[in-house]
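Peer 1: My structure is below; once you've seen it, I'll send some questions.
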Amino acid sequence: MKTVFITGGAGFIGSALIRLLIAETNWRIVNIDKLTYAGNLESLADAGSNPRHIFSHTDICDRAAMDALFAAHQPCGIIHLAAESHVDRSIHGPGDFIQTNITGTYTLLEAARAYWSGLAEPERRAFRFHHVSTDEVFGSLGATGLFTETTAYDPRSPYSSSKASSDHLVRAWQHTYGLPTLITNCSNNYGPYQFPEKLVPLMILNALAGKPLPIYGKGDNIRDWLYVDDHTRALQLVFEHGQPGDTYCIGGRNEMTNMQVVDTLCSLLDRLHPGSNGQAYATLKTFVADRPGHDRRYAIDANKIAADLGWKPQETFESGIEKTVAWYLGNTEWITHVQSGEYRNWIDRNYAKRQS
Ligand code: NAD
Ligand code: DAU
0 MKTVFITGGA GFIGSALIRL LIAETNWRIV NIDKLTYAGN LESLADAGSN PRHIFSHTDI
60 CDRAAMDALF AAHQPCGIIH LAAESHVDRS IHGPGDFIQT NITGTYTLLE AARAYWSGLA
120 EPERRAFRFH HVSTDEVFGS LGATGLFTET TAYDPRSPYS SSKASSDHLV RAWQHTYGLP
180 TLITNCSNNY GPYQFPEKLV PLMILNALAG KPLPIYGKGD NIRDWLYVDD HTRALQLVFE
240 HGQPGDTYCI GGRNEMTNMQ VVDTLCSLLD RLHPGSNGQA YATLKTFVAD RPGHDRRYAI
300 DANKIAADLG WKPQETFESG IEKTVAWYLG NTEWITHVQS GEYRNWIDRN YAKRQS
């Protein structure tokens, strides 16, 4: 049975990845997470209590703790998702982004390199350091064109520049030391268990509470949306079959303006959960000041991962967004715990005896 480290496994995408890997493989997963405001062990659902899931409440910036985890668990690879991930927060307070995304990735690379250097040849060759990154490192597109693996880096927010820095570090560790690395750059994810600071869950929960739906600028910025389980399936494929040293772009070819996304959410809510006063949810739409430096358009060309590894998304935007709205409507306990802050006590109630 192989052991794989997942960093950031209590976050939105990390928890979806652990739910997938516990269901689809026999791997032992060591979930390394600091449990920032974005970390929520309730998001692991049943996978969290599986004996093949081992939770470690650890900051990736802590080199001694990371060395101890490598020595104790002898993983065959690591999928690194831990990060500060919200652009607006990076604008208001970039410090944590520099610390976790850059220093944290550097610390992890050094701990991984020390461990990997001591492995016997077959294990050294098989080891993988998979860094999960974003399409935002490529900057902003005009009306046409797509990001590919060879697009020049042009990050423009504190978040995206910290992620770009970490991508450069990962490539440098591959080029200089031969560490077998993989990088994936994915577009905007949406789906169950996303923290309600990001566009899709924020709009759903505000609408249900009868609060304004804040649309930055004119609502005409474009994002390329991908259902989170399509992303995690791509991550598993790249981790297992990707070419060491390579980069893979991941995206669903679902370009939408923010206004189109909000209108879709409002129509779905009108159908699935009509307001008691008969008012259409779209009447809550409110234009607010634009995000400083707001990137205009993102869009991914995912041809390489399709051709090399046979990946393609299983969800269309229509099917994925309906599943997402239905999930938020059906999971009021998770939402209530997030909104009340109760989710932060979950570790004491459920994990105290199992920490490593
Ligand atoms: P998230 O904010 O939901 O989760 C991040 C997780 O990392 C949390 O559980 C948090 O507790 C943990 N964490 C933060 N700092 C840590 C530290 N110092 N040590 C250990 N754990 C720490 O993020 P997400 O949306 O799930 O994104 C996961 C990764 O995927 C990130 O690297 C992000 O850049 C990348 N990504 C996200 C998207 C997206 O649309 N959400 C798209 C492409 C790439
Ligand atoms: O492209 C991948 C990136 O997608 C990931 O790397 C990031 O971690 C992830 O947070 C996401 O970044 P965005 O900034 O695109 O996501 P966000 O949900 O914050 O915003 C999506 C769009 O919606 C963006 O154009 C800003 C706009 N927006 C967002 C919020 C929260 C609004 O108009 N109103 C809002 O209240």
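Sequential numbering of the sequence shown, starting at 0, is according to numbering that gives the first Met the number 0.
Just so it is clear, CB atoms sit at the ideal spot from N, CA and C, and this is done for glycine as well.
Could you check which residue in Ala-208, Cys-248, Pro-157 and Gly-251 has the C-alpha nearest to that of Thr-335?
Peer 2: Relative to the Cα of Thr-335, the nearest Cα in the group Ala-208, Cys-248, Pro-157 and Gly-251 belongs to Ala-208.
Peer 1: Looking at Ile-31 and the ligand NAD, is the gap between the Cβ and the nearest heavy atom below 7 Å?
Peer 2: yes
Peer 1: Strictly by DSSP, which residues pair up with Asn-184?
Peer 2: Ser-132 and Cys-248
Peer 1: Would Gln-242 be called buried (16 or more neighbouring beta carbons within 10 Å of its own) or exposed?
Peer 2: Gln-242 should be labelled exposed.
Peer 1: Looking at the structure shown, is Gln-354 part of a helix, part of a strand, or coil, going by DSSP?
Peer 2: Bear in mind that the predicted position of Gln-354 carries a pLDDT of just 49, short of 50, making it too unreliable to give a figure here.
Peer 1: Taking just the CA atoms, how far does Pro-191 sit from Ile-17?
Peer 2: 14 Å
Peer 1: Starting from Ile-334, trace the alpha helix (DSSP H) in both directions and tell me its first and last residue.
Peer 2: 331-339 is the span of the alpha helix (DSSP H), which, as asked, contains Ile-334.
Peer 1: Does the ligand DAU have even one heavy atom less than 7 Å from the beta-carbon of Lys-197?
Peer 2: yes
Peer 1: Smallest Cα separation from Ala-298: which of Lys-33, His-167, Asn-49 and Ser-186?
Peer 2: In terms of Cα proximity to Ala-298, the closest of Lys-33, His-167, Asn-49 and Ser-186 is Ser-186.
Peer 1: Report the residue ranges of all beta strand (DSSP E) runs contained in full by the stretch 225-308; include only those spanning at least 3 residues, in chain order.
Peer 2: Listed in chain order, the complete beta strand (DSSP E) runs (minimum 3 residues) inside the stretch 225-308 are 246-249, 254-256 and 284-287.
Peer 1: Output the boundary residues of the alpha helix (DSSP H) element that contains Asp-166.
Peer 2: Boundaries of the alpha helix (DSSP H) around Asp-166: 157-176.
Peer 1: Which residues share a DSSP beta bridge with Asp-32?
Peer 2: His-56
Peer 1: What's the call for Asp-32, buried or exposed, on a 16-neighbour Cβ count within 10 Å?
Peer 2: Under a 10 Å Cβ-count criterion, Asp-32 is classified as buried, with 16 or more other Cβ atoms of the shown protein chains found around its own Cβ.
Peer 1: When burial is assigned at 16 or more other CB atoms within 10 Å of the CB, is Arg-127 buried or exposed?
Peer 2: buried
Peer 1: Relative to the alpha-carbon of Phe-194, which residue among Glu-83, Pro-312, Gly-309 and Gly-138 has its alpha-carbon at the smallest distance?
Peer 2: Glu-83
Peer 1: Distance check for Leu-225 and Arg-252, CA to CA, integer angstroms please.
Peer 2: 8 Å
Peer 1: Please state whether the Cβ-Cβ distance between Asp-66 and Ala-110 is less than 8 Å.
Peer 2: yes
Peer 1: Buried or exposed for Ala-125, going by 16 or more other Cβ atoms inside 10 Å?
Peer 2: exposed
Peer 1: Ignore the nearest five residues each way along the sequence and tell me which others in Phe-96's own chain have a CB closer than 7 Å to its CB.
Peer 2: Glu-83, Ser-89, Pro-157, Tyr-158 and Ser-161
Peer 1: Which one of Thr-263, Asn-30, Tyr-189 and Gly-92 has the shortest CA to CA distance from Ser-367?
Peer 2: The requested residue 367 does not occur in the structure, where the chain is confined to residues 0 to 355.
Peer 1: Please name the residue or residues paired with Phe-4 in a DSSP beta bridge.
Peer 2: Val-29 and Ile-77
Peer 1: Skipping 5 residues on each side, what residues in its chain have a beta carbon closer than 7 Å to that of Gly-38?
Peer 2: Ala-9, Gly-10 and Asp-32
Peer 1: For Ser-339, count the other beta carbons within 10 Å of its own beta carbon; 16 or more makes it buried, fewer makes it exposed. Which is it?
Peer 2: In the assembly as shown, Ser-339 is an exposed residue. Its beta-carbon has fewer than 16 other beta-carbons within 10 Å.
Peer 1: Roughly how far, in whole angstroms, is the beta-carbon of Arg-290 from the beta-carbon of Val-86, given that I think they are within contact range, below 8 Å?
Peer 2: 7 Å
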